[in-house]
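Asks:
There are 2 protein chains.
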Amino acid sequence: MASAKIQIFEQFAELARVLGHAHRLELIEYVSQGERSVERLAQLTGLSVANASQHLQQLRRGGFVQSRRDGKRVLYRLADGPILSLLSALRSYAERNRAEVGKIVSDYFHRLDELEPISRKELARRLKAGTAVVLDVRPEDEFALGHVPGALNIPMDKLKRRLAELPKDREIVAYCRGAYCVLSFEAVALLRKQGFLVRRLEDGLPEWKAAGHAMETSPPGQP
Amino acid sequence: MASAKIQIFEQFAELARVLGHAHRLELIEYVSQGERSVERLAQLTGLSVANASQHLQQLRRGGFVQSRRDGKRVLYRLADGPILSLLSALRSYAERNRAEVGKIVSDYFHRLDELEPISRKELARRLKAGTAVVLDVRPEDEFALGHVPGALNIPMDKLKRRLAELPKDREIVAYCRGAYCVLSFEAVALLRKQGFLVRRLEDGLPEWKAAGHAMETSPPGQP
DNA sequence: GAATCATTCAATCAATAAATTGAATGATGA
DNA sequence: TCATCATTCAATTTATTGATTGAATGATTC
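Quick mapping for you: the protein sequence lines, in order, are chains A and B.
Residues 28 to 250 in my numbering are what the first sequence lists, from first letter to last.
Residues 28 to 250 in my numbering are what the second sequence lists, from first letter to last.
(1) Whose Cβ in chain B lies nearer than 7 Å to the Cβ of C90 (chain A)?
(2) Going straight from the alpha carbon of L46 (chain B) to that of A191 (chain B), what length do you get?
(3) On the DSSP bridge list, what partners appear for Y202 (chain A)?
(4) Assign G248 (chain B) to one of three DSSP states: helix, strand, or coil.
(5) By how many angstroms is the C-alpha of R51 (chain B) removed from the C-alpha of Q81 (chain B)?
(6) With 8 Å as the threshold, decide whether the Cβ of G108 (chain B) is near any Cβ in chain A.
(7) Along the segment 128-162 of chain B, what residues have a CB closer than 9 Å to any CB found in chain A?
(8) Report the CB separation of V200 (chain A) from V164 (chain A) in whole angstroms; it is logged as a contact under 8 Å.
(9) Determine which residues share a DSSP beta bridge with D97 (chain A) and list them.
(10) Would you identify the three-state DSSP class for I181 (chain B), choosing helix, strand or coil?
(11) On the three-state DSSP scale, how would you describe S64 (chain A)?
(12) Helix, strand or coil for R197 (chain B) per DSSP?
(13) Label A116 (chain A) either buried or exposed according to how many other C-beta atoms from any shown protein chain fall within 10 Å of its C-beta, with 16 as the threshold for buried.
(14) Since L52 (chain B) meets chain A, which of its residues come closer than 7 Å, beta carbon to beta carbon?
(15) Just to make sure I have the definition right: I need the residues of chain A whose C-beta is within less than 8 Å of the C-beta of R118 (chain B). Which are they?
(16) Are the beta-carbon atoms of L54 (chain A) and L68 (chain A) separated by less than 8 Å?
(17) Using a cut-off of 7 Å between C-beta atoms, extract the partners of A49 (chain A) located in chain B.
(18) Quick one: is S59 (chain A) buried, meaning 16 or more other Cβ sit within 10 Å of its Cβ, or exposed?
(19) Establish whether the CB of S94 (chain A) and some CB of chain B are separated by less than 8 Å.
(20) Going along chain A in order, which residues have a C-beta closer than 7 Å to the C-beta of A43 (chain B)?
(21) Report the residue from B:P194, B:A106, B:A171 and B:V92 whose alpha carbon sits nearest the alpha carbon of T158 (chain B).
(22) Between Y207 (chain A) and chain B, is the shortest Cβ-Cβ distance under 8 Å, so that the two count as touching?
(23) Whole angstroms is fine: what's the gap from Y103 (chain B)'s alpha carbon to R204 (chain B)'s?
(24) Out of curiosity, what's the CA-to-CA distance linking L74 (chain A) and Y207 (chain A)?
(25) Comparing the C-beta of M28 (chain A) with each C-beta of chain B, is any distance below 8 Å?
(26) Give a yes or no on whether the C-beta atoms belonging to E198 (chain A) and L139 (chain A) are separated by under 8 Å.
(27) Classify H240 (chain B) as helix, strand or coil using the three-state DSSP reduction.
(28) Once DSSP output is grouped into helix, strand and coil, what is the label at R152 (chain B)?
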């Protein structure tokens, strides 16, 4: 029988391998927005349903997601536990030790947003003081599943046509799915060009939620 | 061309895959004790030299270890950066979400040591106050490469014959390679049976070092 | 510079993982 | 109960990864 230490390492390695596939990481990102059916997740990631199902089952075996049946569909959601902090450790390791990651980040993301993002803590402070204008640029269905309290929802593809809904005299805080979600970067770039004062929230909604901040699942902050 | 987000996920996945093999995790554990030649690491892990070399190269590509040539041998060492915190995120995730890990830990480790380990902070405090008696149970060569200042080195296999060197009236703090290194657990079990007051240090030497605590590389704390 | 030693490389075979296909399961609603 | 739909399972093909072997490289010592 293998030693206890080797057994432990085998377990760790098994978990690391589950994270060792881009499709699964992408699935985790979508699942961490809220519950989703297999079909929806397959659509979002561009995978076949059977393939998505198999990847989701691997994630479930690894304890990263949970599932429940609702009628004829099976809904997957992020499991409890320190999953996002594991992923954020992986992220900060990658950003520091892999030149490619840094390059992609600066080429595609920071080029669109040279300003520092605002921290979750700062946003929480502003929310408490009632001075925050928060913009959620994710699609309506994701917004409905949960968002920062009082946030205004204008999906990225409709932003250009709905600029009138945003104030010009106060700083807007935009966010979307996560640290590498392009939507909020694009939103910031577009709004700045239009003369708005706007900054991104560091990370995205899952991290906001995981940090224990308040959430709202009711309909959008629109009349 | 794949989207920036997918490229990022590919990078993350690649890193996770490097951690996705028990042999590589074991190699990291040994390498994090100090510089080691390929041959030595192969011995320690029971791998063939060629195989160990290949795993080490994967770890190097992933940025987890670095190497330098010294005469005819190549020495590998742990790279800088948040590697241990990534591994500790993996560890705490595994302990929480995987029943098997919890079971192995309690079966093989905690059975030997039902007392809470002492924290690094507490040990640092005692060292400063000069009230600590620290016991390093790793082999001499690992001890020579670096240890907690003032620590006494009695390798596990010689502990039984050298009990006389330890005080009976003060609490001894034992440590070894890492959180799952059996040596310190066995040391604690043995010493308790002999009537010594003894507790383990949480984690092991690499974590102590990574947390920025003082190290000593000079010869053992023995005459 | 020839011999020796440690490591790496290259080629091979075995094992494992991923994607695809089509059939099976389990729930719903006519 | 039968038809339908979402998901999973099972079987297959393809791709990737791991281990082994023996040769090649690079550095040392005689």
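C-beta: ideal position from N, C-alpha, C; glycine also.
Since this is a predicted model, take the numbers as computed values, not measurements.
Replies: Quick answer:
(1) For the purposes of this step, residue 90 (chain A) is taken as the residue at position 63 of the first sequence. With the sequence shown as reference, residue 90 (chain A) is identified as Gly, and Cys is not the correct amino acid for it. By Cβ distance, chain B contributes N124 and R125.
(2) Locating residue 46 (chain B) in the second sequence gives position 19, counting from the first residue. Locating residue 191 (chain B) in the second sequence gives position 164, counting from the first residue. Between the alpha carbons of L46 (chain B) and A191 (chain B) lies a gap of roughly 42 Å.
(3) Numbered from 1 along the first sequence, position 175 holds the residue referred to as residue 202 (chain A). According to DSSP, Y202 (chain A) shares a beta bridge with A:D163.
(4) Residue numbering aside, residue 248 (chain B) sits at position 221 when the second sequence is read from its first letter. Reliability of the predicted coordinates at G248 (chain B) is poor, the pLDDT of 41 falling under 50, and the value obtained from them is presented with this limitation in mind. In this structure, G248 (chain B) counts as coil in the three-state DSSP scheme.
(5) Start at 1 with the first residue of the second sequence, and residue 81 (chain B) comes out as number 54. Start at 1 with the first residue of the second sequence, and residue 51 (chain B) comes out as number 24. A direct Cα-to-Cα measurement between Q81 (chain B) and R51 (chain B) gives close to 10 Å.
(6) Residue mapping note: residue 108 (chain B) aligns to position 81 of the second sequence, counting from 1. G108 (chain B) has a beta carbon lying within less than 8 Å of a beta carbon in chain A.
(7) If the cut-off is 9 Å between Cβ atoms, the segment 128-162 of chain B has V128, I131, V132, D134, Y135 and F136 near chain A.
(8) If you number the first sequence from 1, residue 200 (chain A) lands on position 173. If you number the first sequence from 1, residue 164 (chain A) lands on position 137. Between V164 (chain A) and V200 (chain A) the Cβ distance is about 11 Å, and since that is not below 8 Å, they are no contact.
(9) Within the first sequence, residue 97 (chain A) is the residue found at index 70, counting from 1. D97 (chain A) pairs with A:R100.
(10) On the second sequence, residue 181 (chain B) is found 154 positions in, with the first residue counted as 1. When DSSP states are grouped into helix, strand and coil, I181 (chain B) belongs to the coil group.
(11) Along the first sequence, read from residue 1 onward, the residue named residue 64 (chain A) stands at position 37. The three-state secondary structure of S64 (chain A), taken from DSSP, is strand.
(12) Your numbering for residue 197 (chain B) matches position 170 in the second sequence. DSSP, reduced to helix, strand and coil, places R197 (chain B) outside both helices and strands of the structure shown, so it counts as coil.
(13) One-based indexing of the first sequence puts residue 116 (chain A) at position 89. By the neighbour-count criterion, in which 16 or more other beta carbons inside 10 Å mark a residue as buried, A116 (chain A) falls on the buried side.
(14) Sequence index remark: in the second sequence, residue 52 (chain B) carries index 25 (1-based). From the beta-carbon of L52 (chain B), the residues of chain A found nearer than 7 Å are F36, F39 and A40.
(15) Position 91 of the second sequence, counting from 1, holds the residue named residue 118 (chain B). Here the neighbours are F39.
(16) Against the first sequence, residue 54 (chain A) aligns to sequence position 27. Against the first sequence, residue 68 (chain A) aligns to sequence position 41. Cβ atoms of L54 (chain A) and L68 (chain A): closer than 8 Å.
(17) Counting from one through the first sequence, the residue named residue 49 (chain A) turns up at place 22. What A49 (chain A) touches in chain B: I33, F36, E37 and A40.
(18) Looking up residue 59 (chain A) in the first sequence gives position 32. With 16 or more other Cβ atoms from the protein chains shown falling within 10 Å of its own Cβ, S59 (chain A) counts as buried.
(19) Translated into the one-based positions of the first sequence, residue 94 (chain A) becomes position 67. No, its Cβ sits nowhere closer than 8 Å to a Cβ of chain B.
(20) Taking the second sequence and counting its residues from 1, the one referred to as residue 43 (chain B) is at position 16. Correct list: A43, L46, G47 and L117.
(21) Position 131 of the second sequence holds residue 158 (chain B). Of B:P194, B:A106, B:A171 and B:V92, the residue nearest in Cα terms is B:P194.
(22) Within the first sequence, residue 207 (chain A) is the residue found at index 180, counting from 1. Y207 (chain A) counts as touching chain B.
(23) If you number the second sequence from 1, residue 103 (chain B) lands on position 76. If you number the second sequence from 1, residue 204 (chain B) lands on position 177. Approximately 17 Å between the Cα atoms of the pair.
(24) Your numbering for residue 74 (chain A) matches position 47 in the first sequence. Your numbering for residue 207 (chain A) matches position 180 in the first sequence. Straight through space, the alpha carbons of Y207 (chain A) and L74 (chain A) are spaced by roughly 20 Å.
(25) On the first sequence, residue 28 (chain A) is found 1 positions in, with the first residue counted as 1. In this predicted model, M28 (chain A) has a pLDDT of only 46, less than 50, meaning its place in the structure is not dependable enough to derive any value.
(26) Against the first sequence, residue 198 (chain A) aligns to sequence position 171. Against the first sequence, residue 139 (chain A) aligns to sequence position 112. By the CB criterion at 8 Å, E198 (chain A) and L139 (chain A) fall outside the cutoff.
(27) For the purposes of this step, residue 240 (chain B) is identified with residue 213 of the second sequence, where counting begins at 1. In this structure, H240 (chain B) counts as coil in the three-state DSSP scheme.
(28) The residue labelled residue 152 (chain B) in the question sits at position 125 within the second sequence. Here R152 (chain B) sits in helix by DSSP.
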